[in-house]
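Peer 1: These protein sequence lines map, in sequence, to chains A and B. Sequential numbering of the first sequence, starting at 1, is according to the working numbering. Sequential numbering of the second sequence, starting at 1001, is according to the working numbering.
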Amino acid sequence: MATVEAPLVDPPRVAGARLRRGRAVRRLLRSPLAVTGLVVLCVAVLAALLAPLLAPYGPSDAHFDARFDPPGSPGYVLGTDSLGRDIFSRILFGLRASLLVGVLSVLLALVVGVPLGLIAGYFSKLDGVISRLTDLVLAFPFLILAVGLAAIRGASLSNAALAIGIAQVPGIIRVTRSETLRLKSLDYVAAAVAEGASDLWVLARHIFPNATSVLIVQATVAIPAAILGEAVLSFLGLGIQPPSPSLGTMLSEAQQAISRAPWTAVIPGLAIMVVTLAFNLFGDGLRDALDPRASRR
Amino acid sequence: MSTPSTNAPTGRRRPNAGDGPELVPTHSDEPLLQVRDLTVGFRTEDGRVSAVDQVSFDARAGELLAVVGESGCGKSVAATALSGLLPHNATVTGSVRLDGVELVGASPDQLRAVRGKEIAYIFQEPMTSLNPVFTVGRQVAEVLRVHEGMNRRDAMSRAVELLELVGIPTPRERIKHYPHQLSGGLRQRVMIAMAVACNPRVLVADEPTTALDVTVQAGILDVLRDMRDRLGAAVVLITHDLGVVADVADRVMVMYAGRVVERGEVHELFERPRHHYTVGLLGAVPSARTADGQQRLREIPGLVPTLAEQPDACTFADRCPAASDKCRSSQPRLDVAPASRHEVACWHPAGTDRAEVPA
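Quick look at the structure:
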């Protein structure tokens, strides 16, 4: 089970989890859905990381003698697309791009959103400004933002991640802010202030470490949303550009041949579904395992 | 009441006549902590609510001052006001002088330098006053690193010494433990270790034993006494437990509805209580001697009034057996009794000639 535990224990700053680690991991492993999600995720991450080793062909290698080979054809496990490119290889590399965008955009959202959320929650004077700006970003349609960014900076993986990350900042701010508000009223924060701790010290040493478990859960929910967002943007041609594969571009390219070769659309679609489902299952399980209220039941 | 003036209710009053107990010569020349006319109010939606009304007291180095009173009498508010720890909607007037340095109205940076280093607090709830995600050793060390600028290793070895000082067995093991692995008594000892880490000159203990098992209480009180003697700190012990007071205090200050009603040496006050509220409090304490003849504990009739409802009356008048018209029309002041260090704010103190009491 050592490999299964790895992602939970890995981030060293998971201090909130460290304390309850034993209990939380046990509770997580008791949930069959969460374990399923975790296993699928591990497989997906490994597949994406090892794509160059695992893929039988390059992701853009065209085999014009083998166009639209159905899944199970000799040499092409999942078939080929309109240019005779191996779908299995493209899925592996596409997964890479999708996970990369998912993780990058959520990291960006965390880097921007967590400090703002901490400030909004801790300094009530700045709360109004930050919260209203949050509402403003939230009110701005995601696709318009992405189209605008693509128009200004060009369509690329990094700009897709930027657009998705910006769209996710408000959610992170809100979660961080509400957790900060809760933690700020606790006795040990009051005790730290009475010991002469500065605001920055209280935020860094008392509030942030105790908010990490909530943030980890929020991140596991945000990553699949980001992966879906990447698929949407790439489908619309605003994300990763062909011929580089991503799950979204594969779907987009498949639409011309969907009646002749349905697998070209179904397989990347399934891949997106499985990965997001796995993230969601794992995130749900993690939330239940880390939720102190659930633990008392 | 919408004006920002915070002094409106108190400004009308005469200045406090018996301003402190300076009549008595003391061995230590200057009291370490001098509190004068400390008044704390809170702005609420219903207007200004007063919590502490013109409280004055001194705390001397090496002395344990007990502040006694029932819940809501303002004792905790007065104590937290000392280093400006009150929420933003509080207004504080009066004077708090630590070694001659005024703390009321001091800048946040000045106050932060005082907190923990000069005035340290021990809170009531040891179960929730420690950060659950760090080891206790790290939390004790943190105080040293903030105030003394110690490096991690020095702070840790000092933390071990501190835990030993407050009577935690096997401190070398304990510093590696998380708060949830310790009992309430041990956690309270850790809190005390954190409080005394920087050798504070004033140690405020706000009901440190209330949340603890009776058997653990004695140990905690011993530690407090020890800190007073060893550090020479002025200890301000806030409690509603008169048994605790009798056990450890040097002097006692009784508060009622935001005001100080009686103050004196512990033995003097317990043997000859002069304020009727103190008499009532002492009468409500169960004791082994109560068993003969007197079966029921005496209680004080009525409830604590809303604070500062009667600016020009004795707040205890409605519950007092000796109340007269004078008590309802004019506020009694703390008055030093001749040839004693026993002060009382009462027009008709107990133990005086009852004939004096007007009908």
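The beta carbon of each residue, even a glycine, is placed where N, CA and C say it ideally should be. Note that the structure is a prediction, hence the values are computed from the model and not measured.
Any idea what DSSP makes of THR303/A, helix, strand or coil?
Peer 2: Coverage of chain A is limited to positions 1 through 297, which leaves residue 303/A absent and any answer about it impossible.
Peer 1: With C-beta atoms as the reference, is ALA1233/B less than 7 Å away from VAL1304/B?
Peer 2: Translated into the one-based positions of the second sequence, residue 1233/B becomes position 233. Translated into the one-based positions of the second sequence, residue 1304/B becomes position 304. No.
Peer 1: Note down, in chain order, all residues in the stretch 1098-1124 of chain B with a beta-carbon under 8 Å from any beta-carbon belonging to chain A.
Peer 2: Listed by position, the residues of the stretch 1098-1124 of chain B near chain A (Cβ gap below 8 Å) are ARG1112, ALA1113, VAL1114, ARG1115, GLY1116, LYS1117, ALA1120, TYR1121, PHE1123.
Peer 1: Which value, in whole angstroms, describes the spacing of the CA atoms of ILE166/A and SER60/A?
Peer 2: For the purposes of this step, residue 166/A is taken as residue 166 along the first sequence, with counting starting at 1. For the purposes of this step, residue 60/A is taken as residue 60 along the first sequence, with counting starting at 1. Cα-Cα distance, rounded: 31 Å.
Peer 1: Cα separation between GLY102/A and GLU230/A?
Peer 2: Numbered from its first residue, the first sequence carries residue 102/A at position 102. Numbered from its first residue, the first sequence carries residue 230/A at position 230. For GLY102/A and GLU230/A, the distance between alpha carbons rounds to 7 Å.
Peer 1: With a CB to CB cut of under 7 Å and the five nearest residues on each side skipped, what residues in its chain are close to PRO1332/B?
Peer 2: As a working note, residue 1332/B is residue 332 in the second sequence. Result list for PRO1332/B: CYS1314, ALA1345, CYS1346, TRP1347, in chain order.
Peer 1: Just verifying my parser: in three-state terms, what is the DSSP assignment at GLU5/A?
Peer 2: Counting from 1 along the first sequence, the entry for residue 5/A is found at position 5. Any reading at GLU5/A must be qualified, since the residue scores a pLDDT of 38, below 50, and its modelled position is unreliable; the value itself is stated next. Correct three-state label for GLU5/A: helix.
Peer 1: Taking only beta-carbon positions, decide if SER1076/B is within less than 7 Å of chain A.
Peer 2: In the second sequence, counting from the first residue as 1, residue 1076/B sits at position 76. No, SER1076/B lies away from the interface with chain A (no Cβ there is under 7 Å from its Cβ).
Peer 1: Sort out for me which residues DSSP pairs SER1071/B with in a bridge.
Peer 2: Here residue 1071/B is taken as the residue at index 71 of the second sequence, counted from 1. Note: SER1071/B sits in no beta bridge, so no partner.
Peer 1: Three-state secondary structure (DSSP) at ALA271/A?
Peer 2: The residue labelled residue 271/A in the question sits at position 271 within the first sequence. In this structure, ALA271/A counts as helix in the three-state DSSP scheme.
Peer 1: Can you tell me whether LEU136/A is buried or exposed? The criterion is at least 16 other CB atoms within 10 Å of its CB, across all chains shown.
Peer 2: Taking the first residue of the first sequence as position 1, residue 136/A is located at position 136. Answer is exposed; the Cβ neighbour count stays below 16.
Peer 1: Quick check on LYS1117/B: buried or exposed, where buried means 16 or more other Cβ atoms within 10 Å of its Cβ?
Peer 2: Counted from its first residue, the second sequence places residue 1117/B at position 117. Answer is buried; the Cβ neighbour count reaches 16.
Peer 1: Between the stretch 1077-1094 of chain B and chain A, which residues of the former have CB atoms less than 9 Å from a CB of the latter, in chain order?
Peer 2: Against chain A - using a Cβ distance shorter than 9 Å - the residues of the stretch 1077-1094 of chain B are THR1080, SER1083, LEU1085, HIS1088.
Peer 1: When burial is assigned at 16 or more other CB atoms within 10 Å of the CB, is LEU46/A buried or exposed?
Peer 2: As a first step, residue 46/A must be located in the first sequence, where it is residue number 46. Exposed is the call here.
Peer 1: Under 8 Å by Cβ, that's how I've got LEU1065/B and LEU1082/B pegged, so tell me the actual separation to the nearest angstrom.
Peer 2: As a first step, residue 1065/B is located in the second sequence; it is residue number 65 there, counting from the start. As a first step, residue 1082/B is located in the second sequence; it is residue number 82 there, counting from the start. Wrong, their Cβ atoms sit about 12 Å apart, outside the cutoff.
Peer 1: Beta-carbon within less than 6 Å of GLY113/A's beta-carbon, same chain only, minus the 5 sequence neighbours each way: which residues are those?
Peer 2: For the purposes of this step, residue 113/A is identified with residue 113 of the first sequence, where counting begins at 1. Cβ within range, chain order: VAL169, ILE172, ILE173.
Peer 1: When DSSP builds the beta bridges, which residues end up paired with ILE223/A?
Peer 2: Counted from its first residue, the first sequence places residue 223/A at position 223. Beta-bridge pairing links ILE223/A to no other residue.
Peer 1: When the cut-off is 7 Å and only beta carbons count, does MET1001/B lie next to chain A?
Peer 2: Position 1 of the second sequence holds residue 1001/B. Reliability fails at MET1001/B, whose pLDDT of 39 lies under 50, so the model's placement of it is uncertain and the value that follows must be treated cautiously. No - not a single Cβ of chain A is within 7 Å of the one on MET1001/B.
Peer 1: Helix, strand or coil for ILE91/A? Go by DSSP, reduced to three states.
Peer 2: Position 91 of the first sequence, counted from the first residue, corresponds to residue 91/A. DSSP places ILE91/A in helix when its eight states are reduced to three.
Peer 1: Let me check understanding here. Comparing Cα to Cα, which of GLY283/A, THR176/A, ALA191/A lies closest to ALA225/A?
Peer 2: For the purposes of this step, residue 225/A is identified with residue 225 of the first sequence, where counting begins at 1. The residue with the shortest Cα to Cα distance from ALA225/A is GLY283/A.
Peer 1: Between LEU1224/B, ALA1051/B, VAL1252/B, SER1330/B, which lies nearest to HIS1342/B when the distance is taken from Cα to Cα?
Peer 2: Residue mapping note: residue 1342/B aligns to position 342 of the second sequence, counting from 1. Comparing Cα positions, the closest option is VAL1252/B.
Peer 1: Applying a beta-carbon distance threshold of less than 9 Å, which residues of chain A neighbour GLU1142/B?
Peer 2: Start at 1 with the first residue of the second sequence, and residue 1142/B comes out as number 142. Correct list: ALA192, GLU195, ALA197, TRP201, ARG205.
Peer 1: Is it buried or exposed for THR1215/B, if we count other Cβ within 10 angstroms and need 16 for buried?
Peer 2: Taking the first residue of the second sequence as position 1, residue 1215/B is located at position 215. It counts as exposed.
Peer 1: Opposite ASP1206/B in the DSSP bridges: which residues?
Peer 2: As a first step, residue 1206/B must be located in the second sequence, where it is residue number 206. ASP1206/B is bridged to ILE1238/B.
Peer 1: For a quick check, are the C-beta atoms of SER98/A and ALA55/A less than 7 Å apart?
Peer 2: For the purposes of this step, residue 98/A is taken as the residue at position 98 of the first sequence. For the purposes of this step, residue 55/A is taken as the residue at position 55 of the first sequence. No. Outside cutoff.
Peer 1: Which residue comes first and which comes last in the beta strand (DSSP E) that contains MET1253/B?
Peer 2: Locating residue 1253/B in the second sequence gives position 253, where the first residue counts as 1. Here the beta strand (DSSP E) through MET1253/B covers 1251-1256.
Peer 1: For ALA1120/B, collect the residues of the same chain with a Cβ closer than 6 Å to its Cβ; drop the 5 residues on either side in sequence, then sort them by chain order.
Peer 2: As a working note, residue 1120/B is residue 120 in the second sequence. Closer than 6 Å at Cβ, skipping near neighbours: ALA1195, PRO1200, LEU1203.
Peer 1: Beta-carbon of ASN210/A versus every beta-carbon of chain B: anything under 7 Å?
Peer 2: On the first sequence, position 210 is the one that residue 210/A refers to. ASN210/A counts as touching chain B.
Peer 1: Output yes or no for whether 7 Å exceeds the beta carbon distance between SER1076/B and ARG1036/B.
Peer 2: The sequence position of residue 1076/B within the second sequence is 76, counting from 1. The sequence position of residue 1036/B within the second sequence is 36, counting from 1. Against a cut-off of 7 Å, the Cβ pair of ARG1036/B and SER1076/B comes out as no contact.
Peer 1: Given that a residue counts as buried once 16 or more other Cβ atoms are within 10 Å of its Cβ, and exposed if not, what is ALA151/A?
Peer 2: Position 151 of the first sequence, counting from 1, holds the residue named residue 151/A. Counting Cβ neighbours within 10 Å, ALA151/A comes out exposed, since fewer than 16 surround it.
Peer 1: Are the CB atoms of ILE1122/B and ALA1205/B nearer to each other than 7 Å?
Peer 2: Your numbering for residue 1122/B matches position 122 in the second sequence. Your numbering for residue 1205/B matches position 205 in the second sequence. Against a cut-off of 7 Å, the Cβ pair of ALA1205/B and ILE1122/B comes out as a contact.
Peer 1: Which of helix, strand or coil does DSSP assign to PRO1025/B?
Peer 2: Within the second sequence, numbered from 1, the residue matching residue 1025/B stands at position 25. With a pLDDT of 39 at PRO1025/B, under the threshold of 50, the predicted position of this residue should be treated as unreliable, though the coordinate-derived value follows. Note: PRO1025/B maps to coil in three-state DSSP.
Peer 1: Roughly how many whole angstroms lie between the Cα atoms of GLY117/A and ASP1229/B?
Peer 2: The residue given as residue 117/A occupies position 117 in the first sequence. The residue given as residue 1229/B occupies position 229 in the second sequence. One C-alpha to the other measures close to 46 Å.
Peer 1: Out of ILE91/A, VAL217/A, HIS63/A, ALA155/A, state which residue places its alpha-carbon closest to the alpha-carbon of ALA48/A.
Peer 2: Counting from one through the first sequence, the residue named residue 48/A turns up at place 48. With distances taken between Cα atoms, ALA48/A lies closest to ILE91/A.
Peer 1: Is the Cβ-Cβ distance between LEU239/A and SER31/A less than 7 Å?
Peer 2: Position 239 of the first sequence holds residue 239/A. Position 31 of the first sequence holds residue 31/A. Note that residue 239/A corresponds to Gly in the displayed sequence, not to Leu. No, these two residues do not count as a Cβ contact at 7 Å.
Peer 1: Three Cβ pairs or more, each shorter than 8 Å: is that satisfied between the stretch 194-214 of chain A and the stretch 1121-1139 of chain B?
Peer 2: Cβ pair count under 8 Å is three or more, so yes.
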